[in-house]
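Residues 0 to 221 (numbering that gives the first Met the number 0) are what the sequence shown spells out, left to right. Just so you know, even glycine gets a beta-carbon here, dropped at the ideal spot from N, CA and C. Here is the structure we will look at, set down as structure tokens.
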Amino acid sequence: MPIHVEPGTIVLYSDVACGWATLALHRFYAARAEAGLEEEVRVDHRLFLLEDVNAFPLPLDFVSGEVPVFAELAPDFGFQRWQGKDADWPVTSLLANEAVHAAKAQGPAASEELDLALRRALFAESRTVSMLHEILDVAESCPSVDAHALREALDDGRARGHMMRDYRTNRDAVQGSPHFFLADGTDVHNPGIEMHLEDDVPVVDSDDTEAMARLVRRAAGR
Numbered sequence: 000m001p002i003h004v005e006p007g008t009i010v011l012y013s014d015v016a017c018g019w020a021t022l023a024l025h026r027f028y029a030a031r032a033e034a035g036l037e038e039e040v041r042v043d044h045r046l047f048l049l050e051d052v053n054a055f056p057l058p059l060d061f062v063s064g065e066v067p068v069f070a071e072l073a074p075d076f077g078f079q080r081w082q083g084k085d086a087d088w089p090v091t092s093l094l095a096n097e098a099v100h101a102a103k104a105q106g107p108a109a110s111e112e113l114d115l116a117l118r119r120a121l122f123a124e125s126r127t128v129s130m131l132h133e134i135l136d137v138a139e140s141c142p143s144v145d146a147h148a149l150r151e152a153l154d155d156g157r158a159r160g161h162m163m164r165d166y167r168t169n170r171d172a173v174q175g176s177p178h179f180f181l182a183d184g185t186d187v188h189n190p191g192i193e194m195h196l197e198d199d200v201p202v203v204d205s206d207d208t209e210a211m212a213r214l215v216r217r218a219a220g221r
């Protein structure tokens with residue numbers, strides 16, 4: 000079955016712990032704001048769980064090699080190498096991703112804010128976002144998120160079943176994190192970026208900085 004996308008919505012399959020998805024979202028939100036389409040185009044976050052796909056935790060040394068690339072492509076985001084102890088690096092992103100999906104019950108603004116704040120906490124602030132207290136502390140900083148309601152949703156696990164069913168159902172249709180799906184039936188993986196690996200370090204071959212602006216306009220039907 001094709002992935003259904005409501006008009007005015009972009010479905011994004013990604014992982015909170017994916018730096019490429021974080022870069023893409025940072026650019027997407029900037030392009031959306033520049034176009035004045037914040038209320039016309041919303042992100043419906045879906046899970047593409049890298050630790051399950053790869054069957055191992057996201058390696059700290061691999062991410063450390065990626066971060067300088069992200070920092071060069073988006074110097075205003077605040078990307079930096081992990082500043083904490085190696086042992087504090089989150090070995091799972093499942094609970095953080097679940098929190099984003101639980102926040103959907105509070106509206107699209109809540110899930111968008113929490114998702115980006117968790118990514119910033121991981122990639123710019125070196126916080127262990129696998130831990131419940133860190134996730135809730137991040138939620139407290141999001142104006143659109145009711146952190147108390149989020150805690151209750153995480154305590155009883157109400158969002159996980161739907162999140163995982165959608166992930167299992169659509170995993171094979173997703174090329175990787177990030178993968179954007181639009182209401183007109185089009186989709187694109189990691190928009191604007193062409194890259195390859197050299198000794199496990201990403202090398203960007205081309206970077207189309209207008210790709211996100213086109214994606215936003217297409218999602219808005221313009």
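How about residue i and residue j: do their beta carbons lie closer than 8 Å?
| i | j | result |
| --- | --- | --- |
| L49 | A101 | no |
| A212 | A86 | no |
| V234 | D114 | Because the chain here runs from 0 to 221, residue 234 falls outside it and cannot be looked at. |
| F179 | L214 | yes |
| A20 | P177 | yes |
| S92 | H44 | no |
| I2 | A172 | yes |
| F47 | Y166 | yes |
| A210 | G184 | no |
| L72 | L22 | yes |
| G7 | E39 | yes |
| A219 | L24 | no |
| K135 | R150 | The residue asked about is misnamed: residue 135 is Leu in this sequence, not Lys. Closer than 8 Å, so yes. |
| A34 | R216 | yes |
| A182 | E5 | yes |
Go to residue i, then tell me how far its beta strand (DSSP E) extends in each direction, as first and last residue.
| i | result |
| --- | --- |
| V144 | Where V144 is concerned, there is no enclosing beta strand (DSSP E), given that its DSSP letter is neither H nor E. |
| H161 | Careful: H161 lies outside any beta strand (DSSP E), inside the alpha helix (DSSP H) at 159-169. |
| H195 | 192-197 |
| F179 | 178-180 |
Following the continuous alpha helix (DSSP H) through residue i, name the residue where it begins and the one where it ends.
| i | result |
| --- | --- |
| L46 | It is not in any alpha helix (DSSP H) - L46 instead sits in the beta strand (DSSP E) that spans 41-46. |
| H188 | No alpha helix (DSSP H) contains H188, which is instead part of the beta strand (DSSP E) from 186-188. |
| F61 | 59-72 |
| T8 | From DSSP, T8 is part of no alpha helix (DSSP H) but of the beta strand (DSSP E) over 8-13. |
| H25 | 18-33 |
| D207 | Premise fails: D207 is in no alpha helix (DSSP H) and is neither H nor E. |
| V52 | 49-53 |
If you count every other CB in all the chains shown that lies within 10 Å of the CB of residue i, and 16 or more means buried, which is it?
| i | result |
| --- | --- |
| L196 | exposed |
| F61 | exposed |
| N96 | buried |
| R221 | exposed |
| V18 | According to the sequence displayed, residue 18 carries Gly and not Val. Buried is the call here. |
| E112 | buried |
| S129 | buried |
| S13 | buried |
| A116 | buried |
| E193 | exposed |
| A32 | exposed |
If you measure from the beta carbon of residue i to each beta carbon in chain D, is any gap under 8 Å?
| i | result |
| --- | --- |
| G83 | In the structure shown, chain D cannot be found, because there is only a single protein chain. |
Do three or more CB pairs link the segment 112-123 to the segment 76-96 at distances below 8 Å?
-> Contact between the segment 112-123 and the segment 76-96 is present, because at least three Cβ pairs lie under 8 Å.
Is the segment 162-173 close to the segment 194-203, with three or more CB pairs under 8 Å?
-> Judged by Cβ distances under 8 Å, the segment 162-173 makes no contact with the segment 194-203, as fewer than three pairs qualify.
Counting Cβ pairs closer than 8 Å, one from the segment 140-152 and one from the segment 86-106, do we hit at least three?
-> As far as the Cβ criterion goes, the segment 140-152 touches the segment 86-106, which means the pair count is three or higher.
Note down, one range per segment and in chain order, each alpha helix (DSSP H) of at least 4 residues found wholly within the segment 84-133.
-> With a minimum length of 4 residues, the continuous alpha helix (DSSP H) runs that stay inside the segment 84-133 are 93-102, 107-122.
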